[in-house]
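Structure, as structure tokens:
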Amino acid sequence: MLANFGWTGVELFFVLSGFLIGSQLMEPVSRGEAPSLKRFYLRRSLRILPPYLIVLALYLFVPAWSERPVETPAWRFLTFTQNFGLRRNGFSHAWSLCVEEHFYLVLPLTVLALRGRVRAAHLLVGAAGLMLGGMLLRAGLWQRHFSMLAPEDVAWRGYDTLLYYPTYARLDGLLCGAMLAALRVFRPAAWERWTRGARAGVLAGAGLACLGAVFWLNEEHFRGLVHTMLAFPLTSLGYAALLVAMASPSASRVCARLPGVKTFALLSFTIYLTHKALQHAARVALEPYGLDAFHPLTLLAGAGAVLLASLALHHGVERPALKWRSRLEARLSREPTPRPALR
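Here the working numbering runs 112 ahead of the position in the sequence shown, where the first position is 1.
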């Protein structure tokens, strides 16, 4: 059950990304300025490309590193188009980074195009329309390709290729996050009301209810029509509601005190890049001793290897790239060097 529910973590990633990146682009607009595309793409490139290219090189040139044979051509990784027509193979989990990169192409241009031209209500209607369109598109593809198949055959007939990996199927979380960013930036009084007191508790309850519904769909209708239509938007709405609830001052203080939270935030991207290969390596190393993939020692060994590799990538690649980014930003703005940041 937990394995089937694990896919929702990427939806949380999309909601957070939509919120953080949306806020970064919308804040200049709230001050009557246009967001700088040069600065935005400089920040994104030096945040993502250095560790990504290092790990990609390991997958392409060190076969022992990969959890599966790498069948995707290198150019698909380099152009962030591997999530179209993708079948599971080595480094296939980078599909979600492709979705994020497409978001980076579209959102800045959208913010510039709509700046000062639409109201918040129009944005909300547009986002809801896109989510509804995604639901109908997934339903149509499911009806065309999978409606005549037995449930156990759906996974083997390209369900993930058509309905899980492509960008057109995974906009829900990014849209929810971007709408939260618009609320925080352009309607700060409303944001303040919903992140305090009883309303934050109501949102937390609503978010948990949405995730509970997704858990039920996973158990009863996994990869069926209803699951295909509703699971992504329900998961996104659930995590979006929890994000607003956790933005309350009391919840933020509690989270800030939790041990390891800051470290995990710093290492999150390098953990994402390396976790599959190193968990696989731990499983292969411990299999001769009768320990399967879910044995506590296997999980612990894999987690330790991922942590060490993530620390090495962070200190050896990420931090130098972020310092370089800060110097370039300062040169662009002719201001004192800003402090390196994750986003």
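Every residue, glycine too, gets a C-beta built ideally from N, C-alpha and C.
- Take the Cβ of residue 370 as the centre, count every other Cβ of all protein chains shown within 10 Å, and call the residue buried at 16 or more, exposed below. For the purposes of this step, residue 370 is taken as residue 258 along the sequence shown, with counting starting at 1. When all chains shown are included, residue 370 counts as exposed.
- Query: Given that a residue counts as buried once 16 or more other Cβ atoms are within 10 Å of its Cβ, and exposed if not, what is residue 436?
  - Reply: Residue numbering aside, residue 436 sits at position 324 when the sequence shown is read from its first letter. When all chains shown are included, residue 436 counts as exposed.
- Task: Please determine, among 195, 440 and 421, the residue with the shortest C-alpha to C-alpha distance to residue 380.
- Result: Locating residue 380 in the sequence shown gives position 268, where the first residue counts as 1. It is 421 whose Cα lies nearest to the Cα of residue 380.
- Query: Between the C-alpha atoms of residue 438 and residue 429, what's the straight-line distance to the nearest angstrom?
  - Reply: Your numbering for residue 438 matches position 326 in the sequence shown. Your numbering for residue 429 matches position 317 in the sequence shown. Taking the straight line joining both Cα atoms gives about 14 angstroms.
- DSSP three-state assignment for residue 330, whether helix, strand or coil: Translated into the one-based positions of the sequence shown, residue 330 becomes position 218. Helix.
- Assign residue 256 to one of two classes, buried (16 or more other C-beta atoms within 10 Å of its C-beta) or exposed (fewer than that). One-based indexing of the sequence shown puts residue 256 at position 144. Per the 10 Å Cβ criterion, exposed.
- Query: Could you give the distance in angstroms between the alpha-carbon of residue 167 and the alpha-carbon of residue 150?
  - Reply: Taking the sequence shown and counting its residues from 1, one reaches residue 167 at position 55. Taking the sequence shown and counting its residues from 1, one reaches residue 150 at position 38. Those two C-alpha atoms are separated by around 26 angstroms.
- Message: Quick check: what's the CA-CA separation for residue 401 versus residue 390?
- Response: Residue 401 sits at position 289 when you count from the first residue of the sequence shown. Residue 390 sits at position 278 when you count from the first residue of the sequence shown. Cα to Cα, residue 401 sits roughly 18 angstroms from residue 390.
- Message: Measuring only the C-alpha atoms, how far is residue 322 from residue 198?
- Response: Counting from 1 along the sequence shown, the entry for residue 322 is found at position 210. Counting from 1 along the sequence shown, the entry for residue 198 is found at position 86. Their backbone Cα atoms lie some 29 angstroms apart in a straight line.
- Task: Quick one: using the 10 Å Cβ neighbour count with 16 as the cut-off for buried, is residue 388 buried or exposed?
- Result: Position 276 of the sequence shown, counted from the first residue, corresponds to residue 388. By the 10 Å Cβ count, residue 388 comes out buried.
- Task: Count the other C-beta atoms from every protein chain shown that fall within 10 angstroms of the C-beta of residue 339, then say buried if there are 16 or more, exposed otherwise.
- Result: As a first step, residue 339 is located in the sequence shown; it is residue number 227 there, counting from the start. Classification of residue 339: buried, given that the 10 Å Cβ count is 16 or more.
- By DSSP, does residue 255 sit in helix, in strand, or in coil? Taking the first residue of the sequence shown as position 1, residue 255 is located at position 143. Here residue 255 sits in helix by DSSP.
- Query: Can you tell which of 368, 398 and 344 has the C-alpha that lies nearest to the C-alpha of residue 120?
  - Reply: For this step, residue 120 is matched to residue 8 along the sequence shown. The shortest C-alpha separation from residue 120 is found at 344.
- Query: With distances taken between CB atoms, is the gap from residue 154 to residue 441 smaller than 8 angstroms?
  - Reply: The residue you call residue 154 lines up with position 42 of the sequence shown. The residue you call residue 441 lines up with position 329 of the sequence shown. Cβ distance < 8 angstroms, so residue 154 and residue 441 count as in contact.
- Give a single yes or no on whether residue 310 has its beta carbon closer than 7 angstroms to a heavy atom of the ligand ADP. In the structure shown, the ligand ADP is absent, as is every other ligand, since no ligand is present at all.
- Cβ pair residue 274, residue 249 closer than 8 angstroms: Looking up residue 274 in the sequence shown gives position 162. Looking up residue 249 in the sequence shown gives position 137. Not in contact: residue 274 and residue 249 (Cβ atoms no closer than 8 angstroms).
- Task: Could you give the DSSP three-state label for residue 260: helix, strand or coil?
- Result: Counting from one through the sequence shown, the residue named residue 260 turns up at place 148. Looking at residue 260 - three-state DSSP - the assignment turns out to be coil, as it is neither helix nor strand.
- Item | 8 angstroms CB neighbourhood of residue 357 in its chain, flanking five on each side removed | Here the question's residue 357 lines up with position 245 in the sequence shown. Excluding residues within five positions, the ones whose Cβ falls inside 8 angstroms are 307, 312, 313, 315, 316, 319 and 363.
- CA nearest to the CA of residue 161, picked from 408, 416, 407 and 382: Within the sequence shown, residue 161 is the residue found at index 49, counting from 1. Nearest option by C-alpha distance: 382.
- Task: Classify residue 123 as buried or exposed, calling it buried when 16 or more other Cβ atoms lie within 10 Å of its own Cβ.
- Result: Sequence index remark: in the sequence shown, residue 123 carries index 11 (1-based). Burial call: buried.
- Query: Considering residue 384, what are the terminal residues of the alpha helix (DSSP H) in which it resides?
  - Reply: For the purposes of this step, residue 384 is identified with residue 272 of the sequence shown, where counting begins at 1. Where residue 384 is concerned, the enclosing alpha helix (DSSP H) stretches over 373 to 398.
- Message: So residue 288 and residue 130 are supposed to be a Cβ contact under 8 angstroms. How far apart are they, rounded?
- Response: Taking the first residue of the sequence shown as 1, we reach residue 288 at position 176. Taking the first residue of the sequence shown as 1, we reach residue 130 at position 18. With 8 angstroms as the limit, residue 288 and residue 130 qualify as a contact, their Cβ atoms being about 6 angstroms apart.
- Around the Cβ of residue 418, are there at least 16 other Cβ atoms within 10 angstroms (buried) or fewer (exposed)? For the purposes of this step, residue 418 is identified with residue 306 of the sequence shown, where counting begins at 1. Residue 418 is buried by the Cβ-count criterion.
- Task: Report the rounded CA-to-CA distance for residue 118 versus residue 446, giving the unit in angstroms.
- Result: In the sequence shown, the residue the question calls residue 118 occupies position 6. In the sequence shown, the residue the question calls residue 446 occupies position 334. Approximately 45 angstroms, taken between the alpha carbons.
- Item | Where residue 284 falls: helix, strand or coil (DSSP) | Locating residue 284 in the sequence shown gives position 172, where the first residue counts as 1. Looking at residue 284 - three-state DSSP - the assignment turns out to be helix.
- Item | Three-state secondary structure (DSSP) of residue 222 | The count along the sequence shown starts at 1 and reaches residue 222 at position 110. If DSSP states are grouped into helix, strand and coil, residue 222 belongs with the helices.
- Provide the residue span of the alpha helix (DSSP H) that contains residue 443, from first to last. Position 331 of the sequence shown, counting from 1, holds the residue named residue 443. 431 to 445 is the span of the alpha helix (DSSP H), which, as asked, contains residue 443.
- Task: Rounded to whole angstroms, what's the CA-CA distance from residue 213 to residue 192? Just pull it up for me.
- Result: Counting from 1 along the sequence shown, the entry for residue 213 is found at position 101. Counting from 1 along the sequence shown, the entry for residue 192 is found at position 80. Between residue 213 and residue 192, the C-alpha separation is close to 7 angstroms.
- Task: Give me the Cβ distance between residue 163 and residue 423, rounded to the nearest whole Å; I'm assuming they're in contact under 8 angstroms.
- Result: The residue given as residue 163 occupies position 51 in the sequence shown. The residue given as residue 423 occupies position 311 in the sequence shown. Going by Cβ atoms, the distance from residue 163 to residue 423 rounds to 12 angstroms, so no, they are not a contact pair.
- Helix, strand or coil at residue 427 [DSSP, three-state]: In the sequence shown, the residue the question calls residue 427 occupies position 315. Of the three classes helix, strand and coil, the one that applies to residue 427 here is helix, per DSSP.
- Query: What residue ranges within the segment 142 to 197 form continuous alpha helix (DSSP H) runs of no fewer than 4 residues, ordered along the chain?
  - Reply: 149 to 173 and 186 to 190
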